[in-house]
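A.B. asks: My questions will all concern the structure given below.
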Amino acid sequence: AQDDIETYVLGIPLPFTGSFGSFGQDFERGILLAVSQMNAELEAAGSNIRFDTASADTEQTPEGAARALQTIAQTTGAQVVVGPLTTDEVLGAKQFADENGIVIVAMASSGPAASIPGDNIYRVIYPPDTFSSKAFATIALERGHENMVVLHVDDPFGNGMNEQFIANFQAGGGGEVASFGYAPQSTELSTEAAAVSAALAGFGDNAGFFCVCFPGAAQAFVQVAQVDPILTTVQWMGNEAMTTLEMLEDPGHAQTLINANFVTVSQSAASTPLTPIFNADFVAMFDKEPGIFTNYAFDAANIAMLTMLAAGNDGAAVKSMLPFISNHYIGTTVQAYLDDNGDQAIASYGIRKVSDDGTAFEVIGSYNGNTDTITYN
Amino acid sequence: MITVDHLTAGYGKLEILQDLSLAFAAEQFSAVLGPNGSGKSTLMKAIMGLNTIFSGSITLRTRELIGMQTEAISKLGIAYVPQRENIFTELSVLENLQLGVRILPRDQRENALNELFELFPILGRRKPQKAGQLSGGEHRMLAIAIAWLSRPTIMLLDEPSAGLAPAIATDVFNILKELSQQGITLIVVEQNARRILQHCDYAFVLREGRLMFDGSAQACLEDEETIKGYLGVH
Amino acid sequence: MPLLQLFNLRKDFGGLRAVDDVSLEVATGAIVGLIGPNGSGKSTLLNLIAGSAERTAGRIIFDGDEISGLSADQVFQRGIARGYQDPSLYLKMTTLDNALLPVKSQRGEHPWYAPWRRFWQKQEAENARAAAGVLEQVQLLGHYDSLASDLSGGQMKLLEMGRSLMGSPKLLLLDEPTAGVAPNLAYEIFEEISRLRQQHGITFLIVEHRLEILFDFVDSVYVMHLGNLLAHGSADDIASNETVREVYFGD
Amino acid sequence: MINIDLGATAISVLTLFGIYALMSISLNLEYGVAGVPNFGQALFVSIGAYVAGVTYTRLLPLLAGMESVHPCGPTMGQALQLRSEIMATQPVAGFINLALTLVIAAILSGAVGFAVSYVTLRLKEEWFLALVLLVGGETVRIVVRGADDLICSHNGISSVAQPFYFLDDVQMSSILFMLLALALALIAYLYSQRLTHSPYGRMLKGLRENEEVTRGLGKGISLARAQIMLIGSAIAAIGGVLFALNTGFVNTNDYVVTLTLDVWVMVVLGGIGNNRGALLGAALIAIMDRVTQVAAIALNMSGSPIEFNYVRFIAFGIILLLMLRYRPAGLLPESRLTTIAHETAKRLTPGKTI
Amino acid sequence: MPSSLLVTSLVNTIQIGSLYALMALGLTLTFSVIKLPNFAHAEYVTAGAYAALIISLAGVLNPLIIIAVAFLVGALTAVVSHLIVFKPLERQNVSLYTLILASFAVGLIIRYILFTIADYFNIFDLRIAIPLQILFRTGSLILTNLFAWVAPTSIVLVILLTLLINRTALGREMRALANNTILARVIGIPVERVKNYTWLLVGGMAGVAGALWGLQSAVSPLMGWAAIISVFAAAILGGLSSFPGTILGAYVVAFSENTIMLFLNFSYGVDLAYKPAIPFIIIIAVLLIRPQGLTQLLKRAGELGR
Ligand SMILES: Nc1ncnc2c1ncn2[C@@H]1O[C@H](COP(=O)(O)OP(=O)(O)OP(=O)(O)O)[C@@H](O)[C@H]1O
Ligand SMILES: Nc1ncnc2c1ncn2[C@@H]1O[C@H](COP(=O)(O)OP(=O)(O)OP(=O)(O)O)[C@@H](O)[C@H]1O
Ligand SMILES: [Mg+2]
Ligand SMILES: [Mg+2]
């Protein structure tokens, strides 16, 4: 009967404004899809439990994330939230979550600063960057690069990736690495391109280029790089966030990436039988393609909901139950398995490049982070 | 020419002019006198549409001015020289003057400027100077010049001689006299009262927003009340 | 000894020499007039004395000390107050606050004492009484809590004069104190000046164009022309000086 | 499903109000009263936060009689656990640490404000000062973000807990923290109210109206300006310490230009030059933030296709514009009366006339 | 620093400096005529960029048409914000800071309207897809079709505007209005009309700057906001009232962000992530050493030239 329907609220603190606003939107859609599917199943099964969502904007600042979490919790009594996005925001929300027993299920944060044992932060699905940085280093070495130039966003993610990449690259026998950070809000990267080009020229042959950039900046970079005499002759690698479809919208950009033998190592490329179904459902519901990380949010939401179905709408119980549920969850990406810090411990990446016609990124191999092995198809 | 009828005007909610009625005749040289704060400047601003009107009417010939935009009022041939902030301090002297002649037909502008420089040679010498750097007297000459250049039929001047050296003040009064003879209707607020009363035709004396006296200049100089309350015995 | 002495004071604005080697003296307790055509450098000279413009060359001696090069606030502290040709009031402050601001050595003006009213309350009340007295003299007491911006042009002039007095100066520099002031009041202002000189021994250097009043009160008059001193003498001397008549009265 | 916990909401909003009030009172003193356009408010707030980041990692262990652990790099986790433990078990060390943090933050920030004021003396143009402070704030932020050791550059310092963290009752501990914030705001308010309504306040207003003339009236305006920057900056930094403790995290990304603008909105909305207005502005922003956020949640839950997290800002903008249009002097305009002098004058004025 | 780097960075300085000049001039114009440091200016830029992006997505790739549309949309945004917000506020004679705050609110509203539009059509981080071509190349000097559009368009607009302000009657009326609105009314200047023209120009130029910016980097609702500090810096460096000063300021800012930054990186290892700080520091230094700003410097140069 309608009356005894019990509703659990899933909080969604995400950056809807700020430069990651479009990510926030996409993630929210992934979560909404998971919730609507779950509710349909629950109804069909005659369960009296339903999920509802409450989203609040973190404004992409740590303090904003804290406020968003507070509002969600104090307005709806939510005990579990899916989000926030970046490590900064996750850490901003941490104190309130810990004190009030609210469980944070973050889907994309991967910075090392939030690897803290025993707290209420769970970073399911997306593994820490220790793994991907190693994958990039391995590929660079495999490609025979003696030296590398890195351009990275100057934030915890970009810096962490850069530092770990350098360590892995050099541990594997690589030579010197020149890194350049770009300010996170940059909309225009011509200075950076000039510097990268000069550094590559300084290294001579056998140098490679690694871009750790977000979509807007990446586009601005490729825009200038495509006429640069040096950048157009070296091989490129890039992080997953660069592989948006917008990136390929301009044929000139696509061609530049093809010529540069651009590869990326990405979690999302790993697929399960559920992945195409998710894609289809997403398009059916929202009439647009999911973004690059959207299915992480979808999976994180499912883990959160499954845990709540088992543990009830109770933060402490969810906290205790969540590792067990995630460790038994396979969604649209990979098996989730949490380490002592509550972070994803399984790293299984796909290696992708731009397809020959320049219209999509296609999988050409995989990388197993736990065994550090690359396999090409 | 300008008729003020039962006018109550002021600033915001403050009423300064109280039910004031008076008329400035065409081609007459009228002086508006009165103690400090009696509402002389307020009257001028009211005519120009620059403050709050509570009730009453102001008509130019038969045309109601209340409710019109200041720009439109000035297009009717009324030029006004405010008591303060009456030049464009950031512009050069020349540019100030060019703005003065802007409503004249193109071919008359040059002439008007040349005539002006004859009248105020000192302004001719200061042409490129920033107007804000003029001395007090130069400043006032420039202000009068801007108004005069638009060839108005009516001029409202708020204390044109304040701060002028006697020689220039004399010039200004002579200019006013001449303008008046040319048929321009002059309405002048002055504190140099005895002096202006020697030149003007008609005088109004305000006090606390009301009309205290109106009559010929000569009558004003002899009016007991006015002498006691305003002109002083010296 | 004269209260104020200027030696070869000079001021250039770019190419323009607004004040050209002016030397003059103002005796203690005197009322000295400074007249001259518009643009002859009178206001600039006052600015130099008050320290609000930097001199190009020359020396200023006040009360036996050299004050050339001091900043405006230091000059004021030494006892020179000034009025401006174009009233420079605090338009968004009340008439009373305008008058109280210049009072010297107010204890409540120190940020450490300011929060503790008992340190300054008594002094403030005294100052307020003095200010009320001054405002009364300039017929503005009724307007004590109006904003200065709401005063008429002449009232502003009067308030500025009153404000200068509140700094209890030894020398008061006035730039056209009666411009725009009603005739009866203009005369009263000069009577007030004369009274202040008598009662408080304040010395005055006054720029003025309304000579019919000025000449009744001054001890001596300096005449400037094109930055130079053209003449000096008693009011009568000046009134009959040929050159002065020519350049200033336009005869 | 909206189910507002009014008690908890009130505590969060009031805490935020207390913190914002410190910032708006500071800006109101500097800009509202003295006319110094401090567009570097975020800088002075951040100094408080950074000081907290440093004291909680370096000083706190010493106060608790423990070996301090380098807070950044590989020992980051260990250092974090150490300070959480101390905050949970040694309240006295926590309180002493907070007290010292507040004092150091106030002194340091005050000194920076004082120095900046002297350094920028040559900037005659009011806007240049605004610019220098604005870009100065951003510059410091960028430098701190890159500095490895201070607050661990980008990573920031988390678990900077508020002093009542040791209580088991979370509600009680947040109520006490709220009271602390409100108490500090109240002290700041009373202090600045007294400053404003004193001869010193009058001089500052004179400075605001016309520097040239104030100097001509014998006031040492450079010193006065530096003093008020010192006082204002110190208050802002105290706000910054609480701001950091409230989130429990010190990170450069919080101290951006938008924070400065928010504080400006508070002051201009409340009433420039009016301390009560500053409080009102702070309250309005704290409440409006929460109300629009709750509205966005409610509307999004009702299944509307429009993104209310955008509409929230649009609505905020429109409300602000309507306020400015219909209450342009701010909600509480500046009072004309400064000191008791007005009472004295009133007594001496026979039947006031206008 | 290798000479090739120098050449590239100088080309960048010209390109970016021209864009900054285009934006900063509008800011200066609003500040001097309307007496408003307009924070919403950033959003006129973004609005122009989105207009350009949307018609380019609709298949219009002729740069002239794109620029014209961006001009119109930018101008429209500016004029509408004037008519709805700023004009009524000015009528009430509000303080400068109320106006600043209003401009902040207007910017917020436009920004989130753009966010809503971008979200609806899913157009975040897209570039206006005019393919880049190399027009000219010798050694490290590479000039692209983009440079050929951006630099000359900006420079021509900048020159036209400067002439308009300093040499025409309309410009004189604008400056008169800026200086003393009441007197301007009194001498019969059609104040409202002059203001509308001003806003039209300001918004139009910002819109064009947005379109050109979107040719060069990705369009997002925050792009204008991200550039506004550099733009304000340029305008303030020019003293906020001088047009030649503003133009010089724009190039100084671009030069510091490009050439000086690269030099510091290359010679002293200063991280490029400090790029946003370096021009700030230079600005602060310049302001402290030359408190008059650059205007005075220009005047001096003018005097020497005479
Ligand atoms: N800041 C300045 N820059 C350039 N020139 C100036 C400046 N101030 C004054 N001048 C010029 O210096 C000359 C003297 O000006 P000053 O104001 O001293 O004259 P004044 O004798 O007081 O005249 P008035 O009686 O008209 O007030 C004038 O020609 C004036 O234009
Ligand atoms: N903007 C204003 N707001 C409010 N009150 C004002 C304003 N301007 C003037 N007043 C008041 O209106 C009254 C009349 O002022 P007005 O300027 O008309 O006097 P006036 O006759 O021109 O005097 P004066 O000869 O001194 O210039 C004065 O009491 C003054 O305080
Ligand atoms: Mg008047
Ligand atoms: Mg003078």
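Chains as they are written, first to last, in the working numbering: chain H, 83 to 459; chain C, 19 to 252; chain S, 4 to 254; chain D, 169 to 522; chain P, 44 to 349. Where is the CB? At the ideal position from N, CA and C, for every residue including glycine.
1. Can you tell me the Cα-Cα spacing of G384/D and R393/D, whole angstroms?
2. In whole angstroms, what separates the C-alpha of M304/P from that of R149/H?
3. Quick check: G203/D and R480/D, are their CB atoms within less than 8 Å of each other?
4. List, in order along the chain, the chain C residues whose C-beta lies closer than 8 Å to that of R218/P?
5. Helix, strand or coil: which one does DSSP assign to P37/H?
6. Under 8 Å between C-beta atoms, does N50/S make it to chain B?
7. Candidates L348/D, I170/D, G400/D: which alpha carbon is nearest Y359/D's?
8. Assuming I171/P and V262/P form a contact by the criterion Cβ under 8 Å, report the distance between their Cβ atoms to the nearest whole angstrom.
9. Does I131/H come within less than 8 Å of chain D when only Cβ atoms are used?
10. At a cut-off of 7 Å, would you count N443/D as near ligand 2, judging by its Cβ distance to the nearest heavy atom?
11. Are the C-beta atoms of I154/H and some chain D residue less than 8 Å apart?
12. Please report the straight-line C-alpha distance between E249/S and F218/S, rounded to a whole angstrom.
13. Buried or exposed, going by whether 16 or more other CB atoms sit within 10 Å of the CB of L230/D?
14. When you check each C-beta in the region 176 to 188 of chain S against every C-beta of chain C, which residues fall closer than 9 Å?
15. Is the CB of E103/C under 8 Å away from at least one CB in chain P?
16. Would DSSP call D23/C helix, strand or coil?
17. Among A278/P, S310/P, G312/P, F309/P, which one has its Cα closest to the Cα of A297/P?
18. Identify every run of the beta strand (DSSP E) within the region 105 to 186 of chain P, keeping only runs that are complete inside it and at least 3 residues long; order them along the chain.
19. Less than 6 Å between C-beta atoms, sequence neighbours within five positions excluded: which residues of the same chain meet that for T99/H?
20. In its own chain, which residues sit with a C-beta less than 7 Å from the C-beta of E198/D, not counting the 5 before and 5 after it?
21. Hey, R309/D and S214/D: beta-carbon distance below 8 Å or not?
22. Taking the runs of the alpha helix (DSSP H) that are 4 residues or longer, which of them lie wholly in the region 90 to 167 of chain C?
23. Tell me, please, which residues DSSP counts as bridged to E88/H.
24. Beta-carbon separation of Y357/D and L499/D under 8 Å?
25. Can you list, in chain order, the residues of its chain with a C-beta nearer than 7 Å to that of P40/S? Leave out the 5 residues immediately preceding and following it.
26. Exposed or buried, what is H365/D when buried is set at 16 or more other beta-carbons lying within 10 Å of its beta-carbon?
27. Within its chain, find whatever has a CB closer than 7 Å to the CB of E346/P; leave out the 5 residues flanking it on each side and keep chain order.
28. Restricting to runs no shorter than 4 residues, where is the alpha helix (DSSP H) found entirely within the region 11 to 69 of chain S?
29. Curious, which full-length beta strand (DSSP E) runs of at least 3 residues does the region 215 to 240 of chain C contain?
30. Taking 8 Å as the cut-off, does the region 74 to 86 of chain S touch the region 160 to 176 of chain S (at least 3 CB pairs, one atom from each stretch)?
31. Could you tell me which chain S residues have their CB closer than 9 Å to the CB of N378/D, listed as they occur along the chain?
32. Please state if the CB of A101/P and the CB of A113/P are separated by a distance shorter than 8 Å.
33. Under 8 Å between C-beta atoms, does V435/D make it to chain S?
34. Does the distance from the CB of V162/H to the CB of M390/H come in under 8 Å?
35. First and last residue of the beta strand (DSSP E) that includes K78/P?
36. State the CB to CB distance for the pair L271/H and I312/H, rounded to an integer number of angstroms; the pair is presumed to be in contact (CB under 8 Å).
C.D. replies: Once the coordinates are examined:
1. Here residue 384/D refers to the residue found at position 216 of the fourth sequence. Here residue 393/D refers to the residue found at position 225 of the fourth sequence. Near 16 Å, if we compare the C-alpha coordinates of R393/D and G384/D.
2. The count along the fifth sequence starts at 1 and reaches residue 304/P at position 261. The count along the first sequence starts at 1 and reaches residue 149/H at position 67. M304/P and R149/H: Cα-Cα distance of roughly 37 Å.
3. As a working note, residue 203/D is residue 35 in the fourth sequence. As a working note, residue 480/D is residue 312 in the fourth sequence. No.
4. Within the fifth sequence, numbered from 1, the residue matching residue 218/P stands at position 175. Correct list: F106, E108, L109, E113.
5. Because chain H here runs from 83 to 459, residue 37/H falls outside it and cannot be looked at.
6. Among the protein chains of the structure shown, namely H, C, S, D and P, there is no chain B.
7. Here the question's residue 359/D lines up with position 191 in the fourth sequence. Closest by alpha carbon: G400/D.
8. The residue labelled residue 171/P in the question sits at position 128 within the fifth sequence. The residue labelled residue 262/P in the question sits at position 219 within the fifth sequence. About 7 Å; that satisfies the 8 Å criterion.
9. Stepping through the first sequence from its first residue, residue 131/H is reached at position 49. Taking Cβ atoms only, chain D never reaches closer than 8 Å to I131/H, which makes this a no.
10. Numbered from its first residue, the fourth sequence carries residue 443/D at position 275. Checking the Cβ of N443/D against ligand 2 gives no.
11. As a first step, residue 154/H must be located in the first sequence, where it is residue number 72. Yes, contact with chain D.
12. In the third sequence, counting from the first residue as 1, residue 249/S sits at position 246. In the third sequence, counting from the first residue as 1, residue 218/S sits at position 215. Cα to Cα, E249/S sits roughly 18 Å from F218/S.
13. Within the fourth sequence, the letter at position 62 stands for residue 230/D. Label assigned to L230/D: exposed.
14. D178, E179, T181, A182, G183, V184, A185, P186, N187, L188
15. Reading the second sequence from its first residue, position 85 is the one you call residue 103/C. Yes - at least one Cβ of chain P is within 8 Å of the one on E103/C.
16. For this step, residue 23/C is matched to residue 5 along the second sequence. D23/C: strand per DSSP, three-state reduction.
17. Taking the fifth sequence and counting its residues from 1, the one referred to as residue 297/P is at position 254. Here the closest residue by C-alpha is A278/P.
18. 177 to 181
19. Start at 1 with the first residue of the first sequence, and residue 99/H comes out as number 17. Correct list, in chain order: D139, E141.
20. Counting from one through the fourth sequence, the residue named residue 198/D turns up at place 30. The residues are V204, N206, I396, M397, G400.
21. Within the fourth sequence, numbered from 1, the residue matching residue 309/D stands at position 141. Within the fourth sequence, numbered from 1, the residue matching residue 214/D stands at position 46. Cβ atoms of R309/D and S214/D: closer than 8 Å.
22. 111 to 118, 124 to 137, 139 to 143, 154 to 167
23. The residue given as residue 88/H occupies position 6 in the first sequence. Per DSSP, I131/H.
24. On the fourth sequence, position 189 is the one that residue 357/D refers to. On the fourth sequence, position 331 is the one that residue 499/D refers to. Not closer than 8 Å, so no.
25. One-based indexing of the third sequence puts residue 40/S at position 37. Same-chain partners within the cutoff: H228, V250, Y251.
26. As a position in the fourth sequence, residue 365/D is number 197, starting the count at 1. Classification for H365/D: buried.
27. Sequence index remark: in the fifth sequence, residue 346/P carries index 303 (1-based). Note that E346/P scores a pLDDT of 45, beneath 50, so its modelled location is shaky; the value from the coordinates is reported in the next line. For E346/P, where only same-chain residues beyond five positions count, there are no Cβ hits under 7 Å.
28. 45 to 53
29. 220 to 225, 228 to 234
30. yes
31. Here residue 378/D is taken as the residue at index 210 of the fourth sequence, counted from 1. Going along chain S in sequence order, the residues near N378/D (Cβ under 9 Å) are S91, L92, Y93, L94.
32. As a working mapping, residue 113/P is identified with position 70 in the fifth sequence. As a working mapping, residue 101/P is identified with position 58 in the fifth sequence. No, they are not a contact pair.
33. If you number the fourth sequence from 1, residue 435/D lands on position 267. Chain S, which has no Cβ nearer than 8 Å to the Cβ of V435/D, makes this no.
34. Your numbering for residue 162/H matches position 80 in the first sequence. Your numbering for residue 390/H matches position 308 in the first sequence. Yes. Within cutoff.
35. Along the fifth sequence, read from residue 1 onward, the residue named residue 78/P stands at position 35. No beta strand (DSSP E) holds K78/P; DSSP gives it neither H nor E.
36. The count along the first sequence starts at 1 and reaches residue 271/H at position 189. The count along the first sequence starts at 1 and reaches residue 312/H at position 230. The pair is not a contact, with the Cβ atoms about 15 Å apart (cut-off 8 Å).
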